[in-house]
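Protein chains: 2
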Amino acid sequence: MEDIHIVPIGVIYTPHEHIAGMPVQPAGAEGIAGKIVMDEAYADGLMDLDGFSHIILLYLFHKVEGYILQPVPFMDTTPHGVFATRSPKRPNRLGISIVPLTAVESNIVHFTGADMLNASPLIDIKPYFPKYDSPTGAVRAGWIDAVKGVDIQKIRSDHRFE
Amino acid sequence: MEDIHIVPIGVIYTPHEHIAGMPVQPAGAEGIAGKIVMDEAYADGLMDLDGFSHIILLYLFHKVEGYILQPVPFMDTTPHGVFATRSPKRPNRLGISIVPLTAVESNIVHFTGADMLNASPLIDIKPYFPKYDSPTGAVRAGWIDAVKGVDIQKIRSDHRFE
Numbered sequence: 002m003e004d005i006h007i008v009p010i011g012v013i014y015t016p017h018e019h020i021a022g023m024p025v026q027p028a029g030a031e032g033i034a035g036k037i038v039m040d041e042a043y044a045d046g047l048m049d050l051d052g053f054s055h056i057i058l059l060y061l062f063h064k065v066e067g068y069i070l071q072p073v074p075f076m077d078t079t080p081h082g083v084f085a086t087r088s089p090k091r092p093n094r095l096g097i098s099i100v101p102l103t104a105v106e107s108n109i110v111h112f113t114g115a116d117m118l119n120a121s122p123l124i125d126i127k128p129y130f131p132k133y134d135s136p137t138g139a140v141r142a143g144w145i146d147a148v149k150g151v152d153i154q155k156i157r158s159d160h161r162f163e
Numbered sequence: 002m003e004d005i006h007i008v009p010i011g012v013i014y015t016p017h018e019h020i021a022g023m024p025v026q027p028a029g030a031e032g033i034a035g036k037i038v039m040d041e042a043y044a045d046g047l048m049d050l051d052g053f054s055h056i057i058l059l060y061l062f063h064k065v066e067g068y069i070l071q072p073v074p075f076m077d078t079t080p081h082g083v084f085a086t087r088s089p090k091r092p093n094r095l096g097i098s099i100v101p102l103t104a105v106e107s108n109i110v111h112f113t114g115a116d117m118l119n120a121s122p123l124i125d126i127k128p129y130f131p132k133y134d135s136p137t138g139a140v141r142a143g144w145i146d147a148v149k150g151v152d153i154q155k156i157r158s159d160h161r162f163e
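Same order as they appear, the protein sequences are chains C and H. For what it's worth, my numbering labels the leading residue of the first sequence as 2, then goes sequentially. For what it's worth, my numbering labels the leading residue of the second sequence as 2, then goes sequentially.
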């Protein structure tokens with residue numbers, strides 16, 4: 002299979018300058034503001050985005066190199082398969098964050114829950130459809146259900162994925 | 002900004018051979034089975050994935066070319082910004098589907114809710130964390146909240162994004 006070429010469509014600005022010490026999920030970054038500056042060429046694609054309370058951001062883990070197939074994630078002390086974690090050291094270093102949208106002004110998108118590094122290249126924005134993106138019923142979450150006493154609000158990254 | 006190189010890590014097999022006539026979300030593909038064959042090189046990364054009832058699939062819309070900044074989405078009759086839709090004709094043609102996981106066997110992952118084309122290149126699998134990936138509270142979904150009388154179970158794609 003051929004390589005796939007992806008083009009950054011903007012830049013995500015956040016207060017996080019270093020991988021260590023960051024929140025590990027938007028749920029751990031409550032109230033932390035981020036700002037997307039989208040390339041002007043794509044700004045027309047933001048029409049009506051402001052009707053959504055939440056958006057899905059797809060971005061590059063631009064400071065990460067290489068991958069670990071069975072990392073010890075920040076929220077646990079034993080290894081799991083990388084595809085069962087959200088570790089940034091993964092075969093394709095793309096991150097997904099579902100975040101509250103605060104405002105759209107021309108080619109600028111303001112949001113909170115910023116859990117990505119400053120200057121992360123933006124790959125895509127998708128609207129969050131609560132009806133279709135929130136599975137209900139018997140939703141199990143394996144190892145993360147089993148972890149006790151971890152407070153996502155307090156947990157921060159360390160140097161393991163630098 | 003430089004182009005980003007992404008490598009397919011496997012292939013997603015589904016019953017959908019053509020863009021027209023497909024379900025438009027996993028919620029419209031209930032009971033439709035899909036099978037991922039992951040490259041052997043990454044199979045160790047699947048450890049513990051079977052503990053999760055749902056997974057996030059990231060894949061390439063490999064039959065789509067070009068993009069439309071203000072498309073008329075399948076679920077509506079008026080145009081919206083592409084970033085406020087899940088249209089496959091987007092600047093980076095990557096799709097996200099949150100689907101029920103049914104089984105993991107070595108490098109094979111079985112799932113249902115298959116709403117992507119057959120032979121879609123797999124880019125990433127991430128575990129679905131219900132606690133962190135389901136925003137609660139005042140969740141608004143703009144134009145899609147305003148659309149009346151559309152049944153996601155029945156709606157199918159047409160030729161507009163070929």
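Even for Gly, the Cβ is constructed at its ideal location relative to N, Cα and C.
Are the beta-carbon atoms belonging to residue i and residue j less than 9 angstroms from one another?
| i | j | result |
| --- | --- | --- |
| Lys36(H) | Phe84(C) | no |
| Leu59(H) | Leu123(H) | yes |
| Gly11(H) | Asn93(H) | no |
| Ala115(C) | Ala44(C) | no |
| Arg157(C) | Met39(C) | no |
| Phe162(H) | Ile20(H) | yes |
| Asp134(C) | Asp134(H) | yes |
| Pro80(H) | Val65(H) | no |
| Tyr129(H) | Ala42(C) | no |
| Gly82(C) | Met48(H) | yes |
Just checking: is the beta-carbon of residue i within a distance shorter than 9 angstroms of some beta-carbon in chain H?
| i | result |
| --- | --- |
| Tyr14(C) | no |
| Asp49(C) | yes |
| Ile109(C) | no |
| Gly190(C) | Lying outside 2 to 163, the shown extent of chain C, residue 190(C) is not represented and no answer is given. |
| Phe112(C) | no |
| Val140(C) | yes |
| Thr86(C) | yes |
| Leu70(C) | yes |
| Ser158(C) | no |
| Asp125(C) | yes |
| Gly150(C) | no |
What's the gap between the Cα of residue i and the Cα of residue j?
| i | j | result |
| --- | --- | --- |
| Pro101(C) | Thr86(C) | 22 angstroms |
| Gln154(H) | Val148(H) | 15 angstroms |
| Ala120(H) | Leu50(H) | 22 angstroms |
| Lys132(C) | Gln26(H) | 11 angstroms |
| Gly67(H) | Asp152(C) | 43 angstroms |
| Ile97(C) | Pro136(H) | 14 angstroms |
| Gly150(H) | Ile57(C) | 25 angstroms |
| Ile7(C) | Leu95(H) | 9 angstroms |
| Glu31(H) | Met76(H) | 18 angstroms |
| Gly138(H) | Asp159(H) | 34 angstroms |
| Gly46(C) | Val140(C) | 33 angstroms |
| Gln71(C) | His63(H) | 29 angstroms |
| Ile5(C) | Asp4(H) | 10 angstroms |
| Pro9(C) | Leu61(C) | 9 angstroms |
| Thr78(C) | Phe53(H) | 18 angstroms |
| Thr103(H) | Ile69(C) | 25 angstroms |
| Glu18(C) | Arg91(C) | 21 angstroms |
| Pro74(C) | Glu106(H) | 23 angstroms |
| Phe112(C) | Trp144(H) | 19 angstroms |
Can you confirm whether residue i, when its beta carbon is compared against all beta carbons of chain C, has any partner nearer than 9 angstroms?
| i | result |
| --- | --- |
| Pro89(H) | no |
| Asn93(H) | yes |
| Asp146(H) | yes |
| Ser121(H) | no |
| Gly67(H) | no |
| Val73(H) | no |
| Lys64(H) | no |
| Asp134(H) | yes |
Which residues does DSSP list as the beta-bridge partners of residue i?
| i | result |
| --- | --- |
| Glu106(C) | Ile109(C) |
| Leu59(H) | Ile97(H) and Asp125(H) |
| Ile37(H) | Ile13(H) and Val110(H) |
| His6(C) | His6(H) |
Using a C-beta cutoff of 9 angstroms, does residue i count as contacting chain A?
| i | result |
| --- | --- |
| Asp40(H) | No chain A is part of this structure, whose protein chains are labelled C and H. |
Within 8 angstroms: the Cβ of residue i and any heavy atom of the ligand COA?
| i | result |
| --- | --- |
| Val105(C) | This structure simply doesn't include the ligand COA, nor any ligand for that matter. |
> Which residues, taken in chain order from the stretch 33-61 of chain H, show a beta carbon closer than 7 angstroms to some beta carbon of chain C?
Replying inline: Tyr43, Asp45, Gly46, Leu47, Met48, Asp49, Leu50, Gly52, Phe53, Ser54, His55, Ile57, Leu59 and Leu61
> Which residues, in order along the stretch 4-31 of chain H, keep a beta-carbon less than 8 angstroms from a beta-carbon of chain C?
Replying inline: Asp4, Ile5, His6, Ile7, Val8, Pro9, Ile10, Val12, Gln26, Pro27 and Ala28
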